[in-house]
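Protein sequence lines, in the order shown, are assigned to chains H and Z.
Residue 196 in numbering that gives the first Met the number 0 sits at position 197 of the first sequence, with consecutive numbering throughout.
Residue 61 in numbering that gives the first Met the number 0 sits at position 62 of the second sequence, with consecutive numbering throughout.
By construction, the Cβ of each residue, glycine as well, lies at the ideal position given by its N, Cα and C atoms.
As structure tokens, the structure follows; a few thoughts come after it.
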Amino acid sequence: MDLIRTALAFIKKDLLIMVSYRFEFLLKTVTSIFSIAVLYYIGKLVDKAEFPFLQAYGGSYFGFIVIGMSFSAFFGVSINTFFGNIRDGQLTGTLEIILASPTRLFTFLFSSALWSFIYTTIHVSLYIFIGTLAFDLEIGRVNIFAALVIFMLSILCFVGIGIMIAALVLVVKRGESAVKIALGASSILSGLIFPVDLLPPVLQKIAHFLPLTYTYRGLRLSILEGHSFAQLQGDVAVLFGFAVFFILISVIVFPFAVSAAKVRGSLAQY
Amino acid sequence: MTNVIEVRNLKKIFKLHTSLKNLILGRKKIVTALDNLSLDIREGEIFGLLGPNGAGKTTLIKMLTTLILPTGGSATLCGYDIVRDQWHVKNSIGLIHSDERSFFWRLTARQNLEFFAALYQLPGEVSRNRIDELLTLVGLEEHANTWFQNFSTGMKQRLAIARGLLSMPKVLFMDEPMRSIDPVSTQKIRQFIRNKALEHIKGAIIIATNRLDEAISLCDRVAIFNKGQMIKSGTIHDINLAAKEYIQYELKVKNISAEVIDSICRMPWVLNCENKSRGNGNTDLVLDLTSEEESLHLALKEIIRSNGYIQKCIRKEPSFEDTFIDLIKEFETSRSKNGPH
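If you want it as structure tokens, here you go:
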């Protein structure tokens, strides 16, 4: 009950702040239409070359890249929202006030991130809707259950990483840029823009250790080719392992980071 | 009267890296922000934490509000341990930050308070009524639907007070609540704290400040801090009285020779003596005398005996400001002689 009330308060607060910037949603939608149009024409160009590596994903580069880009938005939110909220709280002075209230640590973390996920879901849905309606994005064969499982496990996995970065920000105050560069590189290596099969063998081996590799592959196969849960069980198993690992680590690390910041007296410092 | 806060040998040591070189070499500077503090704060009182910048006032508030963990010692707030029972402690306190920016700037005053009320799990109806009541109480009812970013500094601070009272806390902490506020707003807020805030607080109000006028006008008792140590605590009257080691008299006398002045100044009960000629045989004398009753009598007798004429004799009560400065200086001197603990 406490969690729901707190979560709703955070959602309302963030919604009101977003609404106060009147043109943000409109501008983001226009940008989405523009970017999806660019991807559509790039897709047409790439498809003329008839690359064999795209056959596994239905043969269309447009579908391949749109699904990749859509999920990368969730990946970005998972990574950025936790440390971003903490940094905002430090900058405005609200973090100490919130942490001096009887709000439990993980209730605060979860609630403060909710709106970002809701907003991204709306935005990505719109993105895919525009892609389907105006640019012939083919998602008719989607296996919703398999896609949802891959999606949820991936979100859990990246929420864990996001909380770990937030812990890092609390303790060392800096370092999020280096982590973001590393994660950006991992996006490329794991097949955001082109399939992992195109990478040199060494990088392909590295890609096997990146959860995003399984996310992109699993989502593309379930959405574009309709692969079932059974067909994707390998990817699901790996993502499940990553999710358990990162969530467990984050649950241990974050309270430790808050305690360390309280010992140093640096909770509000940035 | 029961104690709302009990602090026993509370200690906070910070280990700081002072330069990049020290960071690389792993060297840390040890700073004792609070040194073995023991203190009781009673129910129903406004208690002042006084001291210059860096005295340890904010560190103490942050420890009592669970935002900083102590290095040693213990403290309880309403019977709850500040380390072990953090959730109960948080449920018992309100915090008014020195940083008046600590709101969401693109939300209105009401929306901000609604958000913070939800963190204290106040039910909708209770929350709405209390927000209305508090906005009226701090004089912001007409600005309830104004964006926080359009508030003046005084209005922001008043909203912070309303937020601090939202949960009807047992203990309200105010860290430099009047910092950067104009004198008119300061007076209003002080009146509010003195007359109305305590009605809403079931326990105590703790105010950290380096403004002595604030402590004099608001606090029932104060504790004076410097460099992490508590120098004195008690009522302002008691501290003033206890600190007085001499009584100062200001005399305006006529027809008094340098020899007589010299003999008065050398009397054993005269601790300090200053004189200034005003011309035409007029002299101003400032005498710091031991508190023995005889001392003034004997000094005056000496003036009269030499045919001097006493125009004025005023006993100067030391102000709390004088006492405060003396205490700080005394502490600094003893610290430089004996070194920090």
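Taking 8 angstroms as the cut-off, the beta carbon of S232/Z is found no closer than this to the beta carbon of L63/Z. Contact annotation for K12/H against chain Z: F103, L106, Q110 and F114 [CB-CB distance below 8 angstroms, chain order].
Interface flag for I96/H against chain Z is set, since a Cβ pair is found closer than 8 angstroms.
For V262/H, the C-beta contacts it makes with chain Z under 7 angstroms involve L68, in order along the chain. Residue contact with chain Z for I78/H: absent (no Cβ-Cβ distance below 8 angstroms to any residue of chain Z). For L266/H, the neighbours in chain Z by C-beta distance under 9 angstroms run, in chain order, K61, L66 and I67. The DSSP-derived three-state label of M68/H is helix. Taking C-alpha positions only, I180/Z is separated from A36/H by approximately 54 angstroms. Under a criterion of Cβ atoms nearer than 8 angstroms, the residues of chain Z adjacent to L15/H are, in order, R105, L106 and Q110. Within the same chain, Cβ atoms closer than 7 angstroms to the Cβ of V76/H are found at S115, F116 and T119, the five residues on either side in sequence being excluded.
Judged by DSSP in its simplified three-state form, A161/Z adopts helix. Taking the Cα of G50/Z as reference, the smallest distance to any Cα among S97/Z, N209/Z and L68/Z is reached at N209/Z. Interface annotation for the stretch 192–205 of chain Z against chain H: empty, criterion Cβ-Cβ distance under 7 angstroms. Taking CB atoms only, A99/H has a neighbour in chain Z less than 8 angstroms away. Excluding five sequence positions before and after N111/Z, the CB atoms of its chain that fall closer than 8 angstroms to its own CB belong to F102, F103, F147, L158 and R162, given in chain order.
Exclusion of the five residues before and after Q228/Z leaves D34 as the residues of its chain whose Cβ lies within less than 7 angstroms of its Cβ. Apart from the 5 residues on each side of it in sequence, F323/Z sits with its Cβ closer than 8 angstroms to the Cβ of L49, L211 and I223 in its chain, given in chain order. Out of K261/H, S59/H and I64/H, the CA that lies nearest to the CA of V170/H is found in K261/H. Within chain H, no residue has its beta carbon less than 9 angstroms from that of H16/Z; the closest one is some 11 angstroms off. From the listed residues S166/Z, G153/Z and I255/Z, the smallest Cα separation to E132/Z is found for S166/Z. Burial of R219/H is indicated by the presence of at least 16 other C-beta atoms within 10 angstroms of its C-beta.
Within the model, the alpha-carbon separation for L155/H versus V257/H is close to 21 angstroms. For L7/H, the closest of S111/H, V168/H and P200/H by C-alpha to C-alpha distance is S111/H. Taking 8 angstroms as the CB threshold, L48/Z stays off the interface with chain H.
Only buried fits Y126/H, as 16 or more other CB atoms lie within 10 angstroms of its CB. Of all residues in the stretch 79–99 of chain Z, the ones placed with a Cβ closer than 8 angstroms to any Cβ belonging to chain H are W86, K89, N90, I92, L94, H96 and D98, in chain order. Contact with chain H is absent for Q156/Z, since none of that chain's Cβ atoms lies less than 8 angstroms from the residue's Cβ.
Residue environment: H142/Z is assigned as buried (16 or more neighbouring CB atoms within 10 Å of its CB, all protein chains considered). DSSP places R100/Z in no alpha helix (DSSP H); its state is neither H nor E. For the stretch 79–94 of chain H, residues whose beta-carbon sits nearer than 8 angstroms to a beta-carbon of chain Z comprise T91, G92 and T93.
Contiguous alpha helix (DSSP H) elements confined to the stretch 143–208 of chain H occur at 143–171, 175–188 and 200–206, taking only those with 4 or more residues. Beta-bridge partners of W146/Z (DSSP): T107/Z.
The distance from the Cβ of V269/Z to that of L288/Z is about 6 angstroms, consistent with a contact at the 8 angstroms cut-off. Our two residues, G57/H and E49/H, have alpha carbons roughly 11 angstroms apart in a direct line. When the beta-carbon positions are compared, V170/Z and I205/Z come within less than 8 angstroms of each other. Under the 8 angstroms criterion on CB atoms, Q120/Z is classed as interfacial with respect to chain H.
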